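Numbering (the numbering used here), first residue to last: 1095 to 1161. Shown next, in structure tokens, is the structure this report addresses.
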């Protein structure tokens, strides 16, 4: 689980890279869950929240840059 402070400190390209990695991880975890190979299903929830946090910070920066 990523802390919001760490996310805010990262640059936008780093956040884009992390976002793509998390999406790939989420896909793999969903696939494992479907084939009954996932040990901790709550991990999916944590990854989804991290993705949402990163998207939120990216959107805030996008809005700030427009002003």
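Each residue gets a CB set at the ideal place from its N, CA and C atoms; glycine is no exception. Computed from a prediction, not measured in an experiment: that's the story for all the values here.
Residue burial is scored here from C-beta neighbours: residue 1147 has at least 16 other C-beta atoms within 10 angstroms and is therefore classed as buried. Between residue 1145 and residue 1120 the beta-carbon gap is near 7 Å, inside 8 Å, which marks them as a contact. Under the three-state reduction of DSSP output, residue 1097 falls in the coil class, being neither helix nor strand. Distance from the CA atom of residue 1111 to the CA atom of residue 1153, rounded to whole angstroms, is 15 Å. Runs of the alpha helix (DSSP H) lying entirely within the stretch 1100-1160 and spanning at least 4 residues, in chain order: 1106-1128 and 1136-1160.
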